[in-house]
Structures are given as C-alpha cells and as structure tokens.
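So the sequence shown is residues 21 to 353, counted in my numbering. Note that beta-carbon positions come from the ideal geometry of N, C-alpha and C, so glycine has one too. Inspection log for the structure reproduced underneath, given as structure tokens.
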Amino acid sequence: MPSLCAHSRERCMTVRVPAQWLFRLVLIGAGLVGLQAPPAAAAPVFADNVVVIMVDGLRPDALKHAKVPTLDGLIKRGASTMKARTVEPSLTLPAFASMMSGLPVDQHGVDWNEYDPPRGFIKSPTLFEIASFNGSKWGAAFLNKEKLLHVIKQDRRLLLNVCSSNEPGCNAKKITGDVIASYKTATEGKPALFVVQLADADTAGHDQGWMSKPYLKAVEEVDRAIGTLIKGFKDLGLYDRTTFIVTTDHGGHATTHGTTMAEDMTIPWIAAGPGIKAGYAIKQPVSLIDTAATVMRAFGITDYYVEWKSRPIEEIFVDRAGATAPSGAEKPS
21 MPSLCAHSRE
31 RCMTVRVPAQ
41 WLFRLVLIGA
51 GLVGLQAPPA
61 AAAPVFADNV
71 VVIMVDGLRP
81 DALKHAKVPT
91 LDGLIKRGAS
101 TMKARTVEPS
111 LTLPAFASMM
121 SGLPVDQHGV
131 DWNEYDPPRG
141 FIKSPTLFEI
151 ASFNGSKWGA
161 AFLNKEKLLH
171 VIKQDRRLLL
181 NVCSSNEPGC
191 NAKKITGDVI
201 ASYKTATEGK
211 PALFVVQLAD
221 ADTAGHDQGW
231 MSKPYLKAVE
241 EVDRAIGTLI
251 KGFKDLGLYD
261 RTTFIVTTDH
271 GGHATTHGTT
281 MAEDMTIPWI
291 AAGPGIKAGY
301 AIKQPVSLID
311 TAATVMRAFG
321 ITDYYVEWKS
331 RPIEEIFVDR
341 AGATAPSGAE
351 KPS
C-alpha cells in the first residue's frame, strides 16, 4: 500500500492507506465525487397580511356558469377545492361563528341565525383574538350583516365596519371600497388580518333563487368587487405579501338553505398568496372550520394553544415537509 509520508527534516509518521481509499481521495480533490452536504431547505414563506372573504351563499357550481375572472385568477394562482363542506345547520351566523372560532356549532354555541343582542357574544375565542394575542396582529372586519356582531366585537386592535345588506347601497362594491379606504386612514395600527363578508349573492338567491340569472349576475358583481379589492392591495404595495382566502358560509337551493342537502352544504374554498402552491387542487377533505388554523399557518404563527377542531390545510403550502403543526393541531403525516 502506498505511503502518504513525504521526506522531511522533521519527524515524519508513515500513514498507510489502502489504494482504493487513496484513489477516492484523489477524485474528491478533483471534484469528481460529490460529497457536499445537501442544500438547505428553502425558508418558509409567510404572509404579512391575510384577507378572508366570505361570499355569502356562493355555490361552487356558480363559478362554472358565471363570469368570474377574479376568482378564476385566484384559483390559477393558488390552491382550491370545490368540494369543501360547511357546518350544520348551513346558516350564515352559525357558519360564520365556526369559521372564526375553529369549532363546530355544538361547541361554540351560536346556533341561532338572527340578530338578537340580549344573547350576547360568542363565548369561544375568535380568530381575531388569537391572532392579536399570539401574533400581535391588528384586525379589520367588514360585515354585510348585522347579526355577525354576535361573533365580532369591538376591540382596540380591531377596525369594525358594518354596512347592513338591508341598507341602500350596502353592496360588495361599497364594502370592498371601504376596506381600502379604511386601511389608508388607519392611524393607530394597520390591520394585518381582514375578514370581509359580502351578501349580494345570498340576497339574490333568496329573492330570485339560487342559480337563477339574477343570482349569477350577483356572483359576477361580487367577483368584480373582489377584483377591485385586490387591485387596491396592489396599489398599496401589499399584494405580494398578502394571502387571499375566499369561501362561503353555505350554498342554497330554490330560495332557501339550511338543510343537509349537497346544494346547501358543499362550498368552494380558495387560497392564494405567499408560500401557497399555484394551480393546486386540494385533495384532502376540507371543512369551513379549517379556515381558522389555515389563516394562522399562513401567518407563520405556530406558537399558540387553543382548543379548537380547526386543522391547517397543510398540503396547500410549498414548505409542507418542514412545517411545524400549530399547538392543538395534528402534525401532518
């Protein structure tokens, strides 16, 4: 076996190395054997802002029959499913409470569907409170129905705007315009978590029937309003750092909803933004309840504890393999 000892005036220790090892050392020196450490995984990409848009009464099949370029664009840019499920009963207030609390109706207790101030507020912590306490996030809620005030209450760190659908001119166009205007004028703290509820489609469904021409027209008007909202975020320089989630509280059939029929229970769920896969069809079952934990995951907030049933939809995130599941949520397998 060859020796690696060279002649020298100083004391030299002979090291005998097998020939095949020496050959490998030569190859390494020549850069022909790649023993470099694997490249580090890409750092997770999180959103600075999250906008949750609840399009009241939006059936998934309406997106096939109406012209919705904005929602189509979000689907192409993000992850989506047209087979998500709402809660029982499939009514606005209980569903909104579930989306905001991450709990089923029998646990958050908001099982009524009208504005009744003596009933007070939801007892469970909501997404706004969790994001504020754990992530120091300021919030903004723009509501199209007064009864949702059973879930959203005024707080110093929350910008609250209610424009009831019963009032003239309180439509999706006005509400989305108010979102941008309010952000521009906010002085104490800029909102990072936005919840926007738009009732145009639901109103048309009750008046003229789900999937009727007036209903589909209302869906198109909501789509345009969401497009205006997104443009506003671009103009403010926030777009590239914002995740948009679009879903609904329920579908509808004839001129009503609230049953366990597929037309009432099946809902769309769309997310697009930093760190979310593009053009991705979600494979796992999705519940409206999962929205809450997914919002926290989009922010990158994992160090929190809350007893809820919400689970982050991990498969939509590009960094899923290295994700850390939030406390109270199952770690992805």
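With 16 other CB atoms within 10 Å as the buried threshold, where does Asn191 fall?
-> Flag for Asn191 reads buried.
Ala282 vs Trp230 beta-carbon contact at 8 Å = For Ala282 and Trp230, no; Cβs fall outside 8 Å.
In three-state DSSP terms, what is Gln304?
-> Reduced to three states, the DSSP call for Gln304 is coil.
Have a look at Thr196, Ile250, Trp158 and Ile172 and flag the residue whose alpha-carbon is nearest the alpha-carbon of Gly209.
-> Considering only alpha carbons, the answer is Trp158.
If you follow the beta strand (DSSP E) that Arg101 is part of, which residue opens it and which one closes it?
-> Looking at the sequence shown, residue 101 is not Arg but Thr. Looking at the DSSP string, the run of the beta strand (DSSP E) that includes Thr101 is Ala99 to Arg105.
Which full runs of the beta strand (DSSP E) of 3+ residues lie inside the segment 132-209, going along the chain?
-> For the segment 132-209, whole beta strand (DSSP E) runs of length 3 or above, ordered along the chain, are 159-163 and 178-182.
Should Pro137 be listed as close to the ligand ZN, given that the test is whether its C-beta is under 7 Å from any heavy atom?
-> Ligands in the displayed structure: none, and consequently the ligand ZN is not present.
Determine which residues share a DSSP beta bridge with Val215 and list them.
-> Paired residue(s): Val72 and Ala161.
Would you give the residue range spanned by the alpha helix (DSSP H) that Thr262 belongs to?
-> Secondary structure note for Thr262: it is in no alpha helix (DSSP H), and the uninterrupted beta strand (DSSP E) holding it is Thr262 to Thr267.
Nearest neighbour of Thr262, chosen from Pro124, Val315 and Asp243 [CA to CA] | Residue nearest to Thr262 within the set Pro124, Val315 and Asp243 is Val315 (criterion: CA-CA distance).
DSSP-derived helix/strand/coil call for Pro124 | Coil, per DSSP.
Hey, how far is the Cα of Asn181 from the Cα of Ala151?
-> If I take the Cα positions, the gap works out to 19 Å.
Quick one: Cα of Gly252 to Cα of Ile200, how far?
-> When only Cα atoms are considered, Gly252 and Ile200 end up about 6 Å apart.
Whole-number beta carbon distance between Thr101 and Ala301, since they are thought to touch under 8 Å | So it is a contact: roughly 7 Å between Cβ atoms.
Any idea what DSSP makes of Pro109, helix, strand or coil?
-> Three-state result, Pro109: coil.
Proximal residues to Ile95 (C-beta, below 7 Å), its chain only, five neighbours per side dropped | For Ile95, the CB contacts under 7 Å within the same chain, skipping 5 residues up- and downstream, are Ile290 in chain order.
Ends of the beta strand (DSSP E) at Pro288?
-> Looking at the DSSP string, the run of the beta strand (DSSP E) that includes Pro288 is Thr286 to Ala292.
Could you pull the start and end residues of the alpha helix (DSSP H) that Glu241 belongs to?
-> Unbroken alpha helix (DSSP H) run through Glu241: Lys233 to Asp255.
Tell me which same chain residues have a C-beta within less than 6 Å of the C-beta of Leu163, skipping the five on either side of it?
-> Cβ neighbours of Leu163 beyond the five flanking positions: Val182 and Gln217.
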